[in-house]
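In the order they appear, the protein sequences are chains L and D. Note that my numbering has the first sequence beginning at 12, numbered continuously upward. Note that my numbering has the second sequence beginning at 30, numbered continuously upward. Just so you know, even glycine gets a beta-carbon here, dropped at the ideal spot from N, CA and C. Quantities reported herein were computed from a predicted structural model and do not represent experimental measurements.
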Amino acid sequence: MSVMSPAAGGSFAQPTTKPTYSTAWWGMVTLIGTESMVFVILLGSYFFLRASAPHWPLGGIKPPELRLSTPFSFVLWGSSVPVFFAESSIRRDSQRGLRAGLMLSAVMGAAFLAYTRYDFNALTFGWRDNAYGSIVYTIVGLHALHVFIGLCMNVIVQIKAWQGKFSAARHTTVEVFGLYWHFVDVVWIFVFASLFLSEALR
Amino acid sequence: MAILDRPVLGAPDEKTEERLERRWRDAPGIPGFFTTVDHKRIGRRYIYTSFVFFFLAGLAALVMRDQLASSNNNILAPETYNELFTLHGTTMIFLFNTPVLAGFGNFLIPLQIGARDMAFPRLNAFSYWIFLFAGLFLYSSVLVGHIPDGGWFAYVPLTGKQFSPGINIDFWGLGITFVGISTTVGAVNFIVTIFKMRCPGMTFNRMPIYVWSMLVFSFMVIFAVPAVTIAAMLNELDRLFGTAFYVPTAGGSTLLYQHLFWFWGHPEVYILFVPATGMVSMMVSVFSRRRIAGYVWIVTALVAVGFISFGVWVHHMFATGLPPLALAFFSAASLLITIPSGVQFFAWIATIWKGKVQLTVPMLFTVGFLLIFLLGGITGVMVSMLPFDWAVTDTYFIVAHLHYVLNGAVVFPIFGALYFWAPKITGKTLDERLGKISFWVMFVAFNLTFFPMHVLGMMGMPRRVWTYSNGLGWDSMNLLISVSAVFFGIGTGITLLNWVISMRRSKPAPADPWKADTLEWATSSPPPDWNFAETPVVHSRHPLWEGGVAPVLVHAGPESDDAVRSMGVEGGLEKTSPITSGRDTRASEVLEVPQETAVPLAVAFGVAVFFVGLLINASVVGVLGVAFFVVALLRWVWRTDVDRT
Chain L
12 MSVMSPAAGG
22 SFAQPTTKPT
32 YSTAWWGMVT
42 LIGTESMVFV
52 ILLGSYFFLR
62 ASAPHWPLGG
72 IKPPELRLST
82 PFSFVLWGSS
92 VPVFFAESSI
102 RRDSQRGLRA
112 GLMLSAVMGA
122 AFLAYTRYDF
132 NALTFGWRDN
142 AYGSIVYTIV
152 GLHALHVFIG
162 LCMNVIVQIK
172 AWQGKFSAAR
182 HTTVEVFGLY
192 WHFVDVVWIF
202 VFASLFLSEA
212 LR
Chain D
30 MAILDRPVLG
40 APDEKTEERL
50 ERRWRDAPGI
60 PGFFTTVDHK
70 RIGRRYIYTS
80 FVFFFLAGLA
90 ALVMRDQLAS
100 SNNNILAPET
110 YNELFTLHGT
120 TMIFLFNTPV
130 LAGFGNFLIP
140 LQIGARDMAF
150 PRLNAFSYWI
160 FLFAGLFLYS
170 SVLVGHIPDG
180 GWFAYVPLTG
190 KQFSPGINID
200 FWGLGITFVG
210 ISTTVGAVNF
220 IVTIFKMRCP
230 GMTFNRMPIY
240 VWSMLVFSFM
250 VIFAVPAVTI
260 AAMLNELDRL
270 FGTAFYVPTA
280 GGSTLLYQHL
290 FWFWGHPEVY
300 ILFVPATGMV
310 SMMVSVFSRR
320 RIAGYVWIVT
330 ALVAVGFISF
340 GVWVHHMFAT
350 GLPPLALAFF
360 SAASLLITIP
370 SGVQFFAWIA
380 TIWKGKVQLT
390 VPMLFTVGFL
400 LIFLLGGITG
410 VMVSMLPFDW
420 AVTDTYFIVA
430 HLHYVLNGAV
440 VFPIFGALYF
450 WAPKITGKTL
460 DERLGKISFW
470 VMFVAFNLTF
480 FPMHVLGMMG
490 MPRRVWTYSN
500 GLGWDSMNLL
510 ISVSAVFFGI
520 GTGITLLNWV
530 ISMRRSKPAP
540 ADPWKADTLE
550 WATSSPPPDW
560 NFAETPVVHS
570 RHPLWEGGVA
580 PVLVHAGPES
590 DDAVRSMGVE
600 GGLEKTSPIT
610 SGRDTRASEV
620 LEVPQETAVP
630 LAVAFGVAVF
640 FVGLLINASV
650 VGVLGVAFFV
660 VALLRWVWRT
670 DVDRT
């Protein structure tokens with residue numbers, strides 16, 4: 012084969028000096044893109060049904076309460092803080108910070124999930140009653156499923172963290188997990204605002 | 030511009046080749062078949078599997094045409110006719126067009142960007158297995174005799190529990206969701222591969238237009254597919270669990286279904302069309318022996334089409350009684366999309382005009398595409414006009430239009446691509462003479478089949494009717510259509526025959542039989558398992574035409590950067606592929622191409638069992654599927670070590 016001079020590679024033979032995102036990071040970002048679309052479309056469906064209904068919620072159902080849902084929403088949003096802390100800890104090579112952050116976020120996520128479970132039990136309507144029940148159960152349930160998947164990922168990352176697999180130089184898994192966790196929290200802002208706040212404040 | 034005679038990139042000496050082969054070769058025989066993660070094998074499989082579905086769906090169409098050949102015919106029962114047109118449309122969209130394009134993408138993208146595999150090779154295997162299982166899932170409805178019969182669009186309330194109590198529709202709803210997983214996962218893989226695996230020098234403005242088109246395809250997929258998944262899943266929730274999304278008496282809305290379906294459905298048309306135009310741009314340029322005219326214009330047009338196509342879905346719903354303002358908006362938006370399509374069209378004409386055209390078989394299909402797409406585009410403009418659409422909606426005019434764009438403007442480029450890339454995919458060149466016969470039969474029969482449908486539509490023949498009375502003046506034209514349809518089938522069959530014969534008889538193809546310009550032609554036909562022995566460097570949009578391709582050739586010591594080392598001679602011996610930084614394509618990381626594994630197959634199997642559980646409403650089966658899925662997935666996750674650098 013024709014051997015060109017090594018200079019043919021030119022400047023490309025030099026590694027990049029800028030920080031770049033890994034393939035795993037891009038994979039997660041695109042996954043979040045399509046997942047966001049799932050929630051955009053479901054919330055769009057919610058508002059479509061709401062706009063075409065004579066009164067809302069349908070069938071004389073009481074709008075959802077805010078007394079408990081508000082504090083637990085803050086628990087969920089707050090769970091992003093320990094994840095941020097875990098990420099910044101491992102960048103400083105602090106194993107303890109990483110483990111503590113992951114642990115705390117898992118507890119907060121689990122508390123939110125327990126609340127959702129309780130809330131579903133306390134509801135006075137079912138998802139078969141009418142379209143309102145159907146869409147509310149579906150959106151909240153799907154979001155809860157995402158919290159649950161986040162928790163499962165949290166457990167896996169924690170096992171690896173306790174095994175000491177991460178370091179300041181090697182922790183893509185933590186970053187990618189963090190992306191997902193934050194995404195689930197951000198989705199709840201929109202779900203909470205649409206399904207809880209906007210109805211109670213009307 | 031000199032087209033250089035050059036050695037084949039990636040043909041190392043024997044000793045090196047032996048070492049490479051030890052690293053890259055799949056296990057022989059059946060184990061290797063189920064465990065491979067090689068993008069080329071997976072790409073071939075995608076193409077072959079989807080062509081099986083293509084011929085099945087074509088057969089369904091011919092049976093329908095047999096029924097419609099004369100008036101008051103009763104070869105088929107009306108129920109069977111409904112099942113056939115549902116199966117035909119669903120198969121063509123979900124099991125042929127989308128996956129065959131994904132198959133070409135799988136095979137070609139890593140080669141065209143100078144990579145050794147996709148960014149997520151195991152995910153790639155997974156997406157194929159899901160596609161296969163979803164196809165089998167949908168077609169198992171034929172075996173049990175409950176074929177979906179609600180049309181490929183499956184509108185509620187017809188497909189609701191009340192009017193379709195059988196499991197026919199469940200096969201459709203669950204099958205669509207199932208195959209959507211494959212499409213989405215594939216799109217994620219394409220995006221990351223295109224962003225991160227391009228070889229040094231292949232900046233965004235040097236990417237082959239085909240790669241651009243697949244990037245647009247992928248972004249459209251990840252934003253559009255959730256809509257059809259939700260449309261179908263909400264109906265399944267209604268059907269299986271008794272919710273009320275589409276039940277008007279309980280506050281549900283049947284119009285919601287149409288919005289959701291077409292919010293995916295219209296982008297889907299362009300999801301299919303955009304990669305087809307990408308293929309056309311490649312072939313037009315190679316067979317006009319010159320650079321594509323207006324590269325930047327074409328790329329901009331592709332991206333513009335991607336955006337605009339999300340704002341036109343209501344033109345499928347002009348007859349649903351929406352407010353006039355909404356209709357006017359969507360009518361105007363639909364007209365807007367003619368601009369980027371026109372830009373592409375003129376770029377192709379300019380390329381041909383200024384070039385020295387070689388009328389090879391791929392080029393014949395390309396020119397055939399141009400003519401057919403012109404007609405399909407014109408009828409597209411016509412039906413975007415409200416009054417005209419109201420006159421012809423749900424008539425054969427629409428059938429004619431949609432076949433001109435989806436069959437003519439997508440299937441013709443795909444057939445061209447088969448002839449164009451067959452040497453690279455199989456190592457054998459297809460026979461030109463049989464190819465020409467196939468093209469002319471297909472082209473003439475296509476127009477004789479679908480052009481009269483415009484006229485029939487104007488005369489008032491409605492779509493989706495299983496028969497019609499005589500004395501309406503529709504008989505002779507329907508007979509012509511039916512006879513021509515058989516010839517169209519024969520035309521496609523000739524290409525199949527050509528494939529079979531050429532695989533046995535043709536001499537091995539050279540690395541670059543067409544003297545083409547992009548990187549896939551710089552390696553042997555078919556490429557070795559490792560694609561390129563050393564990472565190529567490109568300096569232009571047409572690396573094999575302008576200046577040639579140079580390997581990076583890094584003789585790096587042990588102290589040098591891993592990513593740089595992986596591009597060069599010693600690093601190239603390992604089963605790795607360099608990852609580059611997104612924009613300036615400098616080495617940034619090393620992708621360890623995974624060893625062959627059955628885990629993707631196992632995960633896909635778990636998903637399949639779960640869907641079967643939903644279908645037969647047996648929670649035990651569903652739970653078993655999820656359990657299998659979780660265990661296999663954990664194994665996958667546990668073996669993945671992404672924490673480098």
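Check                                                                                                                                        : Outcome
Stretch pair the region 266-275 of chain D + the region 402-415 of chain D: three plus CB contacts closer than 8 Å                           : no
Sheet register partners of residue 565 of chain D (DSSP bridge)                                                                              : D:580
Coil, strand or helix - residue 617 of chain D by DSSP                                                                                       : strand
With 16 other Cβ atoms within 10 Å as the buried cut-off, status of residue 495 of chain D                                                   : buried
Limits of the unbroken alpha helix (DSSP H) element including residue 304 of chain D                                                         : 283-316
Closer than 8 Å to chain L by CB, residue 149 of chain D                                                                                     : yes
Alpha carbon of residue 578 of chain D to alpha carbon of residue 123 of chain L, nearest angstrom                                           : 57 Å
Min CB distance residue 141 of chain L to chain D below 8 Å                                                                                  : yes
Separation of residue 278 of chain D from residue 137 of chain L, as counted between CA atoms                                                : 16 Å
Rounded separation between residue 143 of chain L and residue 197 of chain L - CA only                                                       : 23 Å
Residue from D:519, D:446 and D:461 with nearest C-alpha to residue 470 of chain D                                                           : D:519
Beta-ladder partner(s) of residue 56 of chain L, from DSSP                                                                                   : According to DSSP, which records beta bridges pairwise, residue 56 of chain L is partnered with nothing at all.
Cut-off 6 Å between Cβ atoms - residues of its own chain near residue 261 of chain D, not counting five sequence neighbours on either side   : 202, 205 and 206
CB contact check: residue 288 of chain D to chain L, cutoff 8 Å                                                                              : yes
Through-space distance from residue 250 of chain D to residue 290 of chain D, alpha-carbon basis                                             : 14 Å
Closest Cα partner of residue 213 of chain D within the set D:186, D:235 and D:252                                                           : D:252
For residue 353 of chain D: DSSP bridge partner residues                                                                                     : Bridge partners of residue 353 of chain D: none, in fact.
N- and C-terminal bounds of the beta strand (DSSP E) containing residue 683 of chain D                                                       : In the structure as shown, chain D starts at 30 and stops at 674, and residue 683 of chain D therefore has no counterpart that could be examined.
Of the residues D:567, D:377, D:160 and D:435, the one placed nearest residue 317 of chain D, counting alpha carbons only                    : D:377
Residue 457 of chain D in three-state terms, based on DSSP                                                                                   : strand
CB-CB length for residue 93 of chain L against residue 116 of chain L, believed under 8 Å                                                    : 4 Å
Residues, ordered as in the chain, of the region 26-45 of chain L that lie near chain D by beta-carbon distance below 7 Å                    : 26, 27, 29, 31, 33, 34, 35, 37, 38, 41, 42, 44 and 45
Alpha carbon of residue 189 of chain L to alpha carbon of residue 210 of chain L, nearest angstrom                                           : 31 Å
Beta-carbon contacts of residue 309 of chain D that lie in its chain and below 7 Å, excluding the five residues immediately before and after : 377, 395, 398 and 442
Ranges of the beta strand (DSSP E) found wholly within the region 67-127 of chain L, counting only runs of at least 3                        : none
Closest residue to residue 102 of chain D among D:573, D:656, D:507 and D:537 (Cα-Cα distance)                                               : D:507
C-beta neighbour in chain D for residue 69 of chain L, strict 8 Å                                                                            : yes
Residue 424 of chain D - partner residues in DSSP beta bridges                                                                               : D:491
Contact between the region 66-86 of chain D and the region 133-149 of chain D (3+ Cβ pairs under 8 Å)                                        : yes
For residue 537 of chain D: DSSP bridge partner residues                                                                                     : D:457
Pair within 8 Å by beta-carbon distance, residue 568 of chain D and residue 143 of chain D                                                   : no
Within the region 142-200 of chain D, ranges of the alpha helix (DSSP H) (whole runs, at least 4 residues)                                   : 150-173
Status (buried if at least 16 other CB within 10 Å, exposed otherwise) for residue 44 of chain D                                             : exposed
Residue 401 of chain D in three-state terms, based on DSSP                                                                                   : helix
7 Å Cβ cut-off: residues of chain L touching residue 279 of chain D                                                                          : 141 and 142
Sub-8 Å separation of residue 510 of chain D and residue 478 of chain D beta-carbons                                                         : yes
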